[in-house]
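Chains as they are written, first to last, in our numbering: chain A, 1 to 236; chain B, 1001 to 1236; chain C, 2001 to 2218; chain D, 3001 to 3218.
Even glycine gets a Cβ: it sits at the ideal position worked out from N, Cα and C.
For clarity, every value in this text was computed on a predicted model and none was experimentally measured.
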Amino acid sequence: MAISKTVEGPQAGCAGVQSGMTLMLGGFGLCGIPECSIAELVKLGTKDLTCISNNAGVDDFGLGLLLQKRQIRKMISSYVGENDEFERQMLSGELEVDLIPQGSLAERCRAGGSGIPAFFTPAGYGTEVAEGKEVREFDGKPHILESALTADFAFVKAWKGDSAGNLVFKATARNFNPMMAMAGKITVAEVEELVPLGALDPNEIHLPGIFVQRIFQGAHYDKRIEQRTVQTRETA
Amino acid sequence: MAISKTVEGPQAGCAGVQSGMTLMLGGFGLCGIPECSIAELVKLGTKDLTCISNNAGVDDFGLGLLLQKRQIRKMISSYVGENDEFERQMLSGELEVDLIPQGSLAERCRAGGSGIPAFFTPAGYGTEVAEGKEVREFDGKPHILESALTADFAFVKAWKGDSAGNLVFKATARNFNPMMAMAGKITVAEVEELVPLGALDPNEIHLPGIFVQRIFQGAHYDKRIEQRTVQTRETA
Amino acid sequence: MLDKNGIAKRIAQEVRNGWYVNLGIGIPTLVANFIPEGMEVEFQSENGILGMGPFPMDGDEDADLINAGKQTITAMPGAVYFDSATSFAMIRGRHVQLTVLGAMEVAQNGDIANWKIPGKMVKGMGGAMDLVASAENIIVAMMHTNRAGASKLLPSCSLPLTGVGCVKRVVTNLAVMDIKDGAFHLVERAPGVTVQDIAAATAGKLVIPENVPEMNID
Amino acid sequence: MLDKNGIAKRIAQEVRNGWYVNLGIGIPTLVANFIPEGMEVEFQSENGILGMGPFPMDGDEDADLINAGKQTITAMPGAVYFDSATSFAMIRGRHVQLTVLGAMEVAQNGDIANWKIPGKMVKGMGGAMDLVASAENIIVAMMHTNRAGASKLLPSCSLPLTGVGCVKRVVTNLAVMDIKDGAFHLVERAPGVTVQDIAAATAGKLVIPENVPEMNID
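Below you can see the structure in the form of structure tokens.
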């Protein structure tokens, strides 16, 4: 019989998050971010968080909301533009920032969830990113050794999910969500639609429920667009 | 405009395979094996092949057909039971065999396709598999360094595919097919049904077509069952 | 003394609500038959399914839906299919809570040998090395002695190893034993089996507590 | 002298039938507009799409469908979505044939710097380090000089590096240059630009062949 992961909502989803913990948060820019869990973390007010997320949101949305309340001590990201409060805290030294090449970030999360403690990649060789890391040549090409990342909690957002924690993402909102779900000690999935067990085709699930410990349906999604780029119907 | 990978059939699919090459072949047991490509390789008669495949087929099907014609010089697999001809050739020294833990085999193929030359895994530490391999402790637990696998040709089998090489597998016939597709210099996909471009939902594709160089619809599939286990309707 | 079903029945008692479980070929496969109705447990098969169900009805078998023993199976509601890399990510990443597998030999330090007999045909380790290297809970299901009557619970393994220091519990036709501090610790006796029977069949160091209850497997 | 569209148009000529191409933010994004009709080329965006199409019609934009520049986009027939690990497996595994990206500095040995200016706000490297470390063909699209008029083609980079010895070709508003043997090799002049103009704007070692044709970008 399938293992039920359903919890009431973001409050139950975030239960146990404590100051000083390391969190992973899925999403790319504002696309596919766990909006409801972030709102709940703001309410909880837990401090000194280390947040692993590809980006840091914008001033008034996404992880920017946690930054505003100074809940984050350290960010581990690949790109952190578009956020003035982030810049202020970073320059003032309040916020520690660890920048990681995007592909290494993705693979380090996957490795963390897959029991692979370290792997070699060519990305970052000869740059600051390689400082202090082992270098080894394979096929005459230098690679650096990167280590796995894990988190106390991973917060991910999917399009559909079932009580067993099986997830289906929509379009490019998938991004970092599956690997971060794999790497969380406790993974909390919020979904736009929680469907009955058996409603998802077992052949069409993007992330097996084994990687998810809690799942809830979000009450509301803003889904803000960072760069609305369109063709006007006249010119097309 | 999508890149078209469609070729006429197995003959065009296997064009360029030469004696002495390294091939990957998807499938687990007889489930999800590239039946049509194997039949064509038997016809071609290329020799001294190194075949990377989780299993070695049975005497009269799957890779057993290539073994019967003594086309394989070396097998790289995790489990090679159920094949008398295999046993005979191995014991007589005609056939070289490299046995690899199944999870390491899967991950080494994925690594080969992903530009990751090596990674650490705990599997096989303290066993013959670890002989000659670097050992390193992470979190107090010993791991061994495993290297990536690639192949001159990878032959995979999917349920559906389109001209761009996008693939959808069925149930547990997916198994090693996606990772081997990633690791082939030339990857040949055979499918039960070649559907028109755009017929596959971009959200429901298991293997992106970028990993596939040739695709054809197989004329016929045997899909043999190795262990038919059923409940009789009376007893159930 | 237990038969194969008895061993499976006893191991089923070790399974906890909410666990993902990987069952090896042979006796371990039988464990699925003894999980209490309504218990939330999912079976993983390393060839790429989570939520494995019973064998299909005659005529419903599907060549594309098998388990790691290559047997035709069915999928339960909430099941999911995935590729081999993802499957072993689950196993290596310790997302599967329990692995049950057979063995040729188990040593008092937790070493296990179950894949190769020198001089005989080697079939390969399949997924066993990945499973034993990673699972938090590994239970070995086997007969206490081999066909020649020799103990399979040894001071050290004589056969090539599958994994080192990984087995925590062994359930045989005679007993349940925990492995710790370099010894087999007797936990339970099979019905009708005496502590002396077990001691006689165990070549490795055996620690016998004062009270060794008989298993309750009804 | 070329404008941004001219640079993009010239780079489009480098694209071959059957190639998967990753276009960076800025000038590189414009390259997609100049691919000849009917050419089989697919655009990859590292946030998780292959087969990226043009911007959506006003009102059709979908917050769940963006490119790596966070712009709303569309998907072409045959497109596919995937996660970030798979996306960089494509990139790191050299399945993407061409990467076009911008730069602050390029050195005559092929080093590139495009992510960090010491003392200024650092936004991060995003996927650039993975892209330059792996792509077989890397074309840098940029202005020949910076806003202060200083050359961006240098003997060695002064800014923190993004990748070492990786750039093969540079297309600027003034010229097309190949990088080999520790020098910039002039290949083509932009319309109306002289070899002397180019030499004056290039701080790194410049090799000028006898005949330097003018670009044909019509």
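Item to check | Short Cβ contact (7 Å threshold) for residue 2193 of chain C with residue 2206 of chain C | outcome: no
Next on the checklist: Could you tell me the alpha carbon to alpha carbon distance between residue 230 of chain A and residue 3076 of chain D, rounded to whole angstroms?
Outcome noted: 16 Å
Checklist entry - Are the beta-carbon atoms of residue 1244 of chain B and residue 1083 of chain B separated by less than 7 Å? => result Outside the shown range of chain B (1001 to 1236) lies residue 1244 of chain B, about which nothing can therefore be said.
Checklist entry - Where residue 3187 of chain D and residue 3178 of chain D are concerned, what is the direct C-alpha to C-alpha distance, given to the nearest angstrom? => result 7 Å
Item to check | Spatially closest choice to residue 3027 of chain D from D:3130, D:3136, D:3099, by CA coordinates | outcome: D:3099
Item to check | Rounded Cβ spacing between residue 3110 of chain D and residue 3166 of chain D (contact assumed at less than 8 Å) | outcome: 6 Å
Checklist entry - Between C:2104, C:2114, C:2122, C:2085, which lies nearest to residue 1098 of chain B when the distance is taken from Cα to Cα? => result C:2122
Item to check | Beta-carbon contacts of residue 3154 of chain D that lie in its chain and below 8 Å, excluding the five residues immediately before and after | outcome: 3105, 3106, 3107, 3108, 3203, 3204
Next on the checklist: Rounded to the nearest angstrom, what separates residue 182 of chain A and residue 1122 of chain B at their Cα positions?
Outcome noted: 18 Å
Checklist entry - In three-state terms, what does DSSP make of residue 1142 of chain B? => result strand
Checklist entry - Distance, Cα to Cα, residue 233 of chain A vs residue 215 of chain A? => result 40 Å
Item to check | Option nearest residue 1078 of chain B by Cα separation, candidates B:1072, B:1101, B:1071, B:1168 | outcome: B:1101
Checklist entry - Who pairs with residue 211 of chain A in a beta bridge, going by DSSP? => result For residue 211 of chain A, which the question treats as bridged, DSSP gives no partner whatsoever.
Next on the checklist: the ligand MG and residue 1126 of chain B: does any heavy atom of the ligand fall closer than 6 Å to the residue's C-beta?
Outcome noted: With respect to the ligand MG, the structure shown offers nothing to examine, as it has no ligands at all.
Checklist entry - What are the complete alpha helix (DSSP H) segments, minimum 4 residues, inside the segment 3015-3084 of chain D? => result 3027-3030
Checklist entry - Would you report the Cα separation of residue 156 of chain A and residue 1042 of chain B, rounded to the nearest angstrom? => result 48 Å
Item to check | Contact set between the segment 2070-2094 of chain C and chain B, restricted to residues whose Cβ is under 9 Å from the partner | outcome: 2070, 2071, 2072, 2073, 2075, 2081, 2082, 2083, 2084, 2085, 2086, 2087, 2088, 2089, 2091, 2092
Next on the checklist: Could you tell me which whole alpha helix (DSSP H) segments of length 4 or greater appear in the segment 1081-1113 of chain B?
Outcome noted: 1084-1091
Item to check | At least 3 beta-carbon pairs within less than 8 Å: the segment 3045-3057 of chain D vs the segment 1142-1157 of chain B | outcome: no
Item to check | Proximity test, Cβ basis, 7 Å: residue 1205 of chain B and chain D | outcome: yes
Checklist entry - Are three or more beta carbon pairs between the segment 2082-2097 of chain C and the segment 1033-1050 of chain B nearer than 8 Å? => result no
Checklist entry - Considering residue 1023 of chain B, what are the terminal residues of the beta strand (DSSP E) in which it resides? => result 1022-1025
Item to check | Counted within 10 angstroms of its Cβ, other Cβ atoms place residue 1220 of chain B as buried (16 or more) or exposed | outcome: exposed
Next on the checklist: Within 10 Å of its beta-carbon, does residue 1016 of chain B have 16 or more other beta-carbons around it, so buried, or fewer, so exposed?
Outcome noted: exposed
Next on the checklist: Whole angstroms are fine: how far does the CA of residue 3006 of chain D sit from the CA of residue 1120 of chain B?
Outcome noted: 48 Å
Checklist entry - Does residue 1208 of chain B have its Cβ less than 7 Å from a Cβ in chain A? => result no
Item to check | Buried or exposed by the 16-neighbour rule on C-beta atoms within 10 Å, applied to residue 2130 of chain C | outcome: buried
Checklist entry - Quick one: what's got a C-beta closer than 7 Å to residue 1105 of chain B's C-beta in the same chain, skipping five residues either side? => result 1054, 1078
Checklist entry - In terms of alpha-carbon separation, which member of D:3061, D:3034, D:3114, D:3103 lies closest to residue 227 of chain A? => result D:3061
Item to check | Given residue 35 of chain A as reference, the closest of A:146, A:89, A:91, A:192 once Cα atoms are compared | outcome: A:192
Item to check | Contact list for residue 2042 of chain C against chain A, beta-carbon separation under 7 Å | outcome: 2, 3
Checklist entry - Just curious, the alpha helix (DSSP H) that residue 3134 of chain D is in, first and last residue? => result 3128-3134
Checklist entry - What in chain B is Cβ-close to residue 2001 of chain C, meaning under 9 Å? => result Going along chain B, no residue has its Cβ under 9 Å from residue 2001 of chain C, so there is no contact; the nearest lies around 27 Å.
Checklist entry - What residue does the beta strand (DSSP E) around residue 52 of chain A start on, and which one ends it? => result 49-52
Next on the checklist: So residue 1175 of chain B contacts chain D; which residues on that side make the cut at Cβ distance below 9 Å?
Outcome noted: Here the premise fails: no neighbours, minimum Cβ distance about 17 Å.
Checklist entry - Can you tell me where the alpha helix (DSSP H) with residue 2197 of chain C in it begins and where it stops? => result 2195-2201
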